[in-house]
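This report refers to the structure that appears directly beneath it.
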Amino acid sequence: MVSVEYAGEATMNEVCYINTGDKKLKSEVIRIKGNVADLQVFEMTSGISVGETVEFSGELLSVQLGPGLLGQIYDGLQNPLPELAQQCGFFLERGVYMAALDDKKEWEFSPTVEAGARLESGEQIGFVKEGLFNHWIMVPFQLDGVLTIESIAAAGTYTINDVLAEVKDEKGDIHQLTMVFNWPVKRAIKNYAERLKPEETLITKLRIIDTFIPVAKGGTYCIPGPFGAGKTVLQQITSRYADADIIIIAACGERAGEVVETLKEFPELIDPKTGRSLMERTIIICNTSSMPVAAREASVYTAVTMAEYYRQMGLNVLMLADSTSRWAQAMREMSGRLEEIPGEEAFPAYLESLIAAFYERAGIVRLKSGDIGSVTIGGTVSPAGGNFEEPVTQATLKVVGAFHGLSQQRADARKYPAIHPLESWSKYKGIIDQKKTEYGRAILFKGDEVGQMMKVVGEEGTSLDDYIIYLKSELLDYVYIQQNSFDPVDAAVEPERQLHIYDILIGILTAKLDFAGKEEARSWFNRVRQNFLDYNGKKWKSDEFNNLEKTISELLDDKKIGVEADAESLWAGESRRG
Amino acid sequence: MQKVYSKIESISGNVITVKATGVRYKELAVVGSRYGSSMAEVIRLKGDEVALQVFNGARGVSTGDEVRFMGEPMKVSFSPNLLGRIFDGSGRPRDGGPELADTMVEIGGPSVNPAKRIIPRNMVRTGIPMIDVFNSLVESQKLPIFSVSGEPYNELLARIALQAEVDIIILGGMGLKYDDYLFFKDTLEKGGVMSRTVFFVHTASDPVVESLLVPDIALAVAENFAIQDKRVLVLLTDMTNFADAMKEIAITMEQVPSNRGYPGDLYTQLASRYEKAVDFEGSGSITILGVTTMPGDDVTHPVPDNTGYITEGQFYLRNGRIEPFGSLSRLKQLVNGDTREDHRAIMDGMIKLYAAYKESLEKKSMGFKMSDWDEKLLTYGQLFEKEMMDLSVNIPLEAALDKGWEILGGCFAPEETGLKSELIEKYCRTKV
Numbered sequence: 000m001v002s003v004e005y006a007g008e009a010t011m012n013e014v015c016y017i018n019t020g021d022k023k024l025k026s027e028v029i030r031i032k033g034n035v036a037d038l039q040v041f042e043m044t045s046g047i048s049v050g051e052t053v054e055f056s057g058e059l060l061s062v063q064l065g066p067g068l069l070g071q072i073y074d075g076l077q078n079p080l081p082e083l084a085q086q087c088g089f090f091l092e093r094g095v096y097m098a099a100l101d102d103k104k105e106w107e108f109s110p111t112v113e114a115g116a117r118l119e120s121g122e123q124i125g126f127v128k129e130g131l132f133n134h135w136i137m138v139p140f141q142l143d144g145v146l147t148i149e150s151i152a153a154a155g156t157y158t159i160n161d162v163l164a165e166v167k168d169e170k171g172d173i174h175q176l177t178m179v180f181n182w183p184v185k186r187a188i189k190n191y192a193e194r195l196k197p198e199e200t201l202i203t204k205l206r207i208i209d210t211f212i213p214v215a216k217g218g219t220y221c222i223p224g225p226f227g228a229g230k231t232v233l234q235q236i237t238s239r240y241a242d243a244d245i246i247i248i249a250a251c252g253e254r255a256g257e258v259v260e261t262l263k264e265f266p267e268l269i270d271p272k273t274g275r276s277l278m279e280r281t282i283i284i285c286n287t288s289s290m291p292v293a294a295r296e297a298s299v300y301t302a303v304t305m306a307e308y309y310r311q312m313g314l315n316v317l318m319l320a321d322s323t324s325r326w327a328q329a330m331r332e333m334s335g336r337l338e339e340i341p342g343e344e345a346f347p348a349y350l351e352s353l354i355a356a357f358y359e360r361a362g363i364v365r366l367k368s369g370d371i372g373s374v375t376i377g378g379t380v381s382p383a384g385g386n387f388e389e390p391v392t393q394a395t396l397k398v399v400g401a402f403h404g405l406s407q408q409r410a411d412a413r414k415y416p417a418i419h420p421l422e423s424w425s426k427y428k429g430i431i432d433q434k435k436t437e438y439g440r441a442i443l444f445k446g447d448e449v450g451q452m453m454k455v456v457g458e459e460g461t462s463l464d465d466y467i468i469y470l471k472s473e474l475l476d477y478v479y480i481q482q483n484s485f486d487p488v489d490a491a492v493e494p495e496r497q498l499h500i501y502d503i504l505i506g507i508l509t510a511k512l513d514f515a516g517k518e519e520a521r522s523w524f525n526r527v528r529q530n531f532l533d534y535n536g537k538k539w540k541s542d543e544f545n546n547l548e549k550t551i552s553e554l555l556d557d558k559k560i561g562v563e564a565d566a567e568s569l570w571a572g573e574s575r576r577g
Numbered sequence: 000m001q002k003v004y005s006k007i008e009s010i011s012g013n014v015i016t017v018k019a020t021g022v023r024y025k026e027l028a029v030v031g032s033r034y035g036s037s038m039a040e041v042i043r044l045k046g047d048e049v050a051l052q053v054f055n056g057a058r059g060v061s062t063g064d065e066v067r068f069m070g071e072p073m074k075v076s077f078s079p080n081l082l083g084r085i086f087d088g089s090g091r092p093r094d095g096g097p098e099l100a101d102t103m104v105e106i107g108g109p110s111v112n113p114a115k116r117i118i119p120r121n122m123v124r125t126g127i128p129m130i131d132v133f134n135s136l137v138e139s140q141k142l143p144i145f146s147v148s149g150e151p152y153n154e155l156l157a158r159i160a161l162q163a164e165v166d167i168i169i170l171g172g173m174g175l176k177y178d179d180y181l182f183f184k185d186t187l188e189k190g191g192v193m194s195r196t197v198f199f200v201h202t203a204s205d206p207v208v209e210s211l212l213v214p215d216i217a218l219a220v221a222e223n224f225a226i227q228d229k230r231v232l233v234l235l236t237d238m239t240n241f242a243d244a245m246k247e248i249a250i251t252m253e254q255v256p257s258n259r260g261y262p263g264d265l266y267t268q269l270a271s272r273y274e275k276a277v278d279f280e281g282s283g284s285i286t287i288l289g290v291t292t293m294p295g296d297d298v299t300h301p302v303p304d305n306t307g308y309i310t311e312g313q314f315y316l317r318n319g320r321i322e323p324f325g326s327l328s329r330l331k332q333l334v335n336g337d338t339r340e341d342h343r344a345i346m347d348g349m350i351k352l353y354a355a356y357k358e359s360l361e362k363k364s365m366g367f368k369m370s371d372w373d374e375k376l377l378t379y380g381q382l383f384e385k386e387m388m389d390l391s392v393n394i395p396l397e398a399a400l401d402k403g404w405e406i407l408g409g410c411f412a413p414e415e416t417g418l419k420s421e422l423i424e425k426y427c428r429t430k431v
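Protein chains in written order, with numbering that gives the first Met the number 0: chain D, 0 to 577; chain X, 0 to 431.
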């Protein structure tokens, strides 16, 4: 942290540059007291000396919004990392800042309005083709009131800085519009008609999430878990398979190695839905743990601002933040240096309100054009000592719509994804009839109870009926909740297949089964499990798939003597299976 | 130009302050006292008040002593002459050899651009089944060994150093017992690898502050070797001592402590060291293996906890064995897909069954009747511990996988293993 004496005016969160040696170091005003401003420097501070000068830019910390963001890899301050590498080599030299967007690239512009049209901010004046999408060129979000188009460029190729239109505002001032404009990262973009309730399920192709603890488009969810439980792997799987138009990954204070995996693999992975490289729908904001802390704090805001920008084009954006705890820690470090009175575990007292404000930037909205766009935010939390009682987890749980808690025990037992099926919850609607998922959860719950009891009274002290419930819950866990992300088929399960196999499974779970003893029951369940595992690895509707399905149903028919009484109502209004 | 100041304003702990101008943050200075001179580093500037951290400790420093500013930050000499040498925490020779001063390089330099990293893809074979089979070590990985005092973690480090296929080994010792230092020296000398090893050793009897420099110096040297296409293995032991030294300074500086007295930036400080592990695009690599002793065997203690979040997995060393639970190599998936097709299946399958064995063991100890299944698990568990987990087992990966099938086949019927039928048919050669 650096304190500077200034003459004239200073603005909170204004960007400044410290002149040290031949370098200019970017920083942000975080406290003003009298004529002294405290700056947090986005770079390493070594070598700064008392008496050096500071330039105030007059601008808040902003990102540049325009075509060309997709497929890019930025640091927390929107410096494109591949371009930096070209210029500086292996290391991130400090004081080097580069343009976020390529100003040489030409875009094919098609206007959608004519001179004389009256628009408000956030409305479309035309579009360019960016990869798969029509990238709307919009009236900058900060312009107020109704604007009249004075002139508009004809269809043709332009670079991002060419003037495309001139608009006149209500006061009669003329503004020139290009493809790009800046927006301060810490202000939410609110240029939409109304915010809607998130209701549609965002398909992740993970069975446990889509079936039991779904996420909605425009919703929020968090993944707390101790280290080694698979948070980051889960995020990577989601970023690959989730059914969103655009994925924005904010790698915030985590390992560089993980970002590299995404960075190098995504360009080669093909999105099955579009047949194009996954990178074309992805933006990576990467401020890993060894990069300067202050930029880490900015990086999640940079990411969410870009997410909101693409939402304004009627797209569904999924933003993944890994990890929000590192972001909170960055705030704690700054707060400590400001010598603020610390709150719980030395986190600043305003931690909760900042976390709430961040997650509130998610949402599904109806735009002024009538299109619907959404931002879904999924954040991982890395609680100290794996204890969910700590401030960041608790503050996050208050504001999110779904909680995917990872469990160390499940990770230790290699039960992946290690989401705890009983502790996790979701307020959103899933793809499977709720009555059926409730039934499955109840089996898991009862099975868990029996399992606990068995530890005390032993297997011989458990009744056969209880034992069967235990085996049923184990089966559901083993073949449905656990999923093998390395198996080409099992890694991503389409909703259609989830519905189908859950129905088969619920057929087994609800069946009254006839066994002579526990030995027989266990060996029968082992056989079913084995077949089911093989079945999960077979291609949807292939011959092998159908054969195994038949084997499973024969196994069931062999032992089934009826349906459990509490399951009768599950099929109300539906024709009964088998 | 060097400036000399002869009025020390305050001395508190190992931190002294002088009034000086034109001083830069992180600049080095020499403090001369009648007990010998010591290096010091600028750690805070406030107006004309400069706070310095004295590496040899402030004991014996008097207010009238001389502080000479060097005008540049801490640097270390880098050349092939380093190989085979032993230095202390501030880079001075410890082996009686000549001091090195050519091509000085900065320590604690900027971090690597993620765009210039590549996905690690080479497995580092160690001959230890618990590592090779279950948690493969990968080139450019950063991995700590979580342990408690008294466990043979230094022995494990030395064994990995001897067997791993790398070009350069750099040992950074922090608060190392003198015996342990001699142990490393002897083992590496006997193993014939001393000629490609550099030691930066801070022993328990040296001033605490010096240990703060060890990781930075070791990693700066490693980084320079890696840029010259070398595969470098950095061994750091023990990182808990490093964190404790940081705590000491933070408290002296009156920083707001966050958790058990550790500074709020503990995570960032540890991360900026561990993150030096890298595989450069078109050049060499750095692999970091550290030791973190857990005070009171408590993994939620801030040091192991923060470390766990930074590193790509961890090995738990307990009772002389690498524990299968909790131990994890986050990068193993990158390499264990190409070794043998049954590698992953054996890896997961055997651990799941071992977990079941532990449950049965618990039931047994509570005096419950053992079912047939429990008996099978008990036999399995004992075999697994004896033939896989024991640290004395030294076999290549393929032999270890075959051994795994042998154990499974000897204990269970095929459908009890939870493994895919095709693999069982292909690899399991034992009678059913």
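The C-beta atom is built at its ideal place from N, Cα and C for all residues, glycine as well. As the structure is a computational prediction, the values presented were derived from the model and not from experiment.
Sheet register partners of residue i (DSSP bridge)
i      : result
D:C221 : D:G378 and D:F402
X:M38  : X:V29
X:T16  : X:S9 and X:A50
X:H342 : Partner(s): none; X:H342 has no beta bridge.
Partners in chain X for residue i, counting only beta-carbon separations shorter than 9 Å
i      : result
D:V292 : D264 and T267
D:E543 : Neighbours of D:E543 on chain X: none; closest Cβ ~11 Å, over 9 Å.
D:R413 : M346, D347, G348, I350, K351 and A354
Limits of the unbroken beta strand (DSSP E) element including residue i
i      : result
D:D37  : V35 to V40
X:P395 : Premise fails: X:P395 is in no beta strand (DSSP E) and is neither H nor E.
D:N18  : E13 to T19
X:G289 : S284 to T292
Chain X contact residues for residue i, given Cβ-Cβ distances below 7 Å
i      : result
D:A84  : N112, A114 and K115
D:G378 : Near D:G378 there are no residues of chain X at all, since even the closest Cβ is about 15 Å away, more than 7 Å.
D:T44  : Y24
D:G457 : K362, F367 and K368
Endpoints, the alpha helix (DSSP H) within which residue i is located
i      : result
D:L532 : K517 to N535
D:C87  : L80 to C87
X:K380 : According to the sequence provided, residue 380 of chain X is Gly. The question's Lys does not apply to it. Taken as a continuous stretch (DSSP letters only), the alpha helix (DSSP H) holding X:G380 covers D371 to F383.
X:Q162 : Y152 to Q162
D:S352 : L350 to Y358
Cross-chain neighbours of residue i in chain D, by beta carbon under 8 Å
i     : result
X:S11 : What X:S11 touches in chain D: nothing, since even the nearest Cβ is about 17 Å away.
Sequence-distant residues of the same chain with beta carbon closer than 8 Å to residue i, five excluded per side
i      : result
D:N78  : V95, Y96, M97 and A99
X:Y266 : N305, Y308 and I309
D:E563 : T509, A510 and K511
Within chain D, the residues that residue i reaches when beta carbons sit closer than 9 Å
i     : result
X:T20 : S48, V49 and G50
Proximity of residue i and residue j at Cβ, strictly below 7 Å
i      : j      : result
D:Y427 : D:V398 : no
X:N80  : X:L99  : yes
D:V364 : D:R194 : yes
D:A401 : D:Y220 : yes
D:A327 : D:V258 : no
X:D64  : X:G31  : yes
7 Å CB neighbourhood of residue i in its chain, flanking five on each side removed
i      : result
D:L470 : A520, R521 and F524
Interface partners of residue i on chain X, CB under 8 Å
i      : result
D:N386 : T299
heavy atom of the ligand SAM below 6 Å from residue i C-beta
i      : result
D:L554 : With respect to the ligand SAM, the structure shown offers nothing to examine, as it has no ligands at all.
Contacting residues, own chain, Cβ-Cβ under 6 Å from residue i (five flanking each side not counted)
i      : result
X:L422 : D341 and A344
X:D87  : R93
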